[in-house]
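Asks:
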Amino acid sequence: MKLPLALSLMTTALGTTVLLGNNAVALPVANPFVTATTSQDATEASLLHLQNGAQVSDWLILASDDDDDDDDHDDDDDAYCDDDDHEDEDEEEKGPCFGATMSPAPAGSVTPPDNGLFVTGTTPQVKSN
Amino acid sequence: MKKTPLLAALVLSTAMTLPALAQAKTVTLTTQLNRYGGQGAYLAIYVKDPAGAYAGSLWMAGGKSKYYKHLTDWTRFTGGNAGQVNGITGASVGSGRTLDLSMELSDALFDAGYTLHIDASVEDMRDSPNEVAVPLTTAGAGVATKGRRYVSSFRYDF
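Chains as they are written, first to last, in this note's numbering: chain A, 1 to 129; chain B, 1001 to 1158.
1) Assign B:Arg1155 to one of three DSSP states: helix, strand, or coil.
2) What would DSSP say about B:Ser1121, mapped onto helix, strand or coil?
3) Quick one: which chain A residues come within Cβ less than 8 Å of B:Asp1100?
4) Apart from the five residues just before and just after B:Gln1084, which ones in its own chain have a Cβ nearer than 6 Å to its Cβ?
5) Are there three or more Cβ pairs, one per stretch, closer than 8 Å when the region 1026 to 1040 of chain B is compared with the region 1098 to 1114 of chain B?
6) Note the first and the last residue of the continuous beta strand (DSSP E) segment covering B:Asp1100.
7) Could you compute how far the alpha carbon of A:Gly108 sits from the alpha carbon of B:Ala1041?
8) What does B:Ala1055 touch in chain A if you count any residue whose Cβ is under 9 Å from its own?
9) Determine which residues of the region 1053 to 1082 of chain B have a Cβ less than 9 Å from any Cβ of chain A, and write them out in chain order.
10) Under a CB-based cut-off of 9 Å, is B:Leu1007 close to chain A?
11) Taking C-beta to C-beta, are B:Gly1080 and B:Ser1065 nearer than 9 Å?
12) What are the boundary residues of the beta strand (DSSP E) that B:Thr1031 is part of?
13) Starting from the C-beta of B:Ala1091, find all residues in its chain whose C-beta is less than 8 Å away, skip the five residues before and the five after it, and write them out in chain order.
What follows is the structure in structure tokens.
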């Protein structure tokens, strides 16, 4: 008769247990026969130690849920040499940074390169695009 | 008597100026794209000398240098150096649109074995190196040339 009672008490205690993060907390439990403490051995997991009286009944491993670690993948960040935006089956070059340099200055902002093609001091003009 | 030195100076300055003007011409480059149905096309317009070596760039349509590697011939010639198109860069050209450029080019480029080339690339579509290749000649002015994939028509006019 006592064993089913103990089992029901444990079930009730587990049902009121909340998942914990990385911080050690003392769980508020309705049943005085069950206390819970946490110990942290790993960064990502906490161990919930359930204790029923003087007897250790079980260890419940909890996975931490870090809500602040959302990964935002920015695939179009011009500040970095990003190779995600322009895949091509003919591409032979390896590495996302091949040939990557700062973007050139737009027309009209600086003098054109002195390559001998343009008349000195002139700049190509876009008439329409 | 006093007018003679002034007249001589005027004649001399004129003689020095006119040859410079005769050594250049205003050239219009007109590039019309097919309706290929994709994103804006990046175009690298550049010149090769009579030996086939890269001589310089005339225009880069498309401002993000990280995409220049897909203009494969241009990148091979320049090492992807965006400085080659500093000050001669504009927007990419949309599907079905036309890019009209006007520039003052040296006469020495024409009828001397120089060729104009265009590399083209469109995001998520095939790269097209040497999309257009035309000799720079006075007889070639006004003649329309069809590209390999994206360019429906290219011509240069004086």
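C-beta: ideal position from N, C-alpha, C; glycine also. Quick caveat, the model's predicted, so the values are computed rather than measured.
Replies: The answer reads as follows:
1) If you number the second sequence from 1, residue 1155 of chain B lands on position 155. Three-state result, B:Arg1155: strand.
2) Here residue 1121 of chain B is taken as the residue at index 121 of the second sequence, counted from 1. If DSSP states are grouped into helix, strand and coil, B:Ser1121 belongs with the strands.
3) Taking the second sequence and counting its residues from 1, one reaches residue 1100 of chain B at position 100. Under the 8 Å cutoff, chain A gives Val126, Lys127, Ser128, Asn129.
4) Mapped onto the second sequence, residue 1084 of chain B falls at position 84. Same-chain partners within the cutoff: Ser1057, Thr1078.
5) yes
6) Looking up residue 1100 of chain B in the second sequence gives position 100. First-last of the beta strand (DSSP E) with B:Asp1100: 1098 to 1106.
7) Walking along the first sequence from the start, residue 108 of chain A turns up at place 108. Walking along the second sequence from the start, residue 1041 of chain B turns up at place 41. Cα to Cα, A:Gly108 sits roughly 21 Å from B:Ala1041.
8) On the second sequence, position 55 is the one that residue 1055 of chain B refers to. The contacting residues are Asn115, Gly116, Leu117.
9) The region 1053 to 1082 of chain B vs chain A, Cβ under 9 Å: Ala1055, Gly1056, Ser1057, Leu1058, Trp1059, Met1060, Ala1061, Gly1063, Lys1064, Ser1065, Lys1066, Tyr1067, Tyr1068, Lys1069, His1070, Thr1072, Thr1075, Thr1078, Gly1079, Gly1080, Asn1081, Ala1082.
10) Taking the second sequence and counting its residues from 1, the one referred to as residue 1007 of chain B is at position 7. So, not an interface residue.
11) Along the second sequence, read from residue 1 onward, the residue named residue 1080 of chain B stands at position 80. Along the second sequence, read from residue 1 onward, the residue named residue 1065 of chain B stands at position 65. Taking 9 Å as the Cβ cut-off, B:Gly1080 and B:Ser1065 qualify as a contacting pair.
12) Here residue 1031 of chain B corresponds to residue number 31 of the second sequence, with the count starting at 1. 1024 to 1033 is the span of the beta strand (DSSP E), which, as asked, contains B:Thr1031.
13) Stepping through the second sequence from its first residue, residue 1091 of chain B is reached at position 91. Here the set comprises Gly1040, Ala1061, Gly1062, Gly1063.
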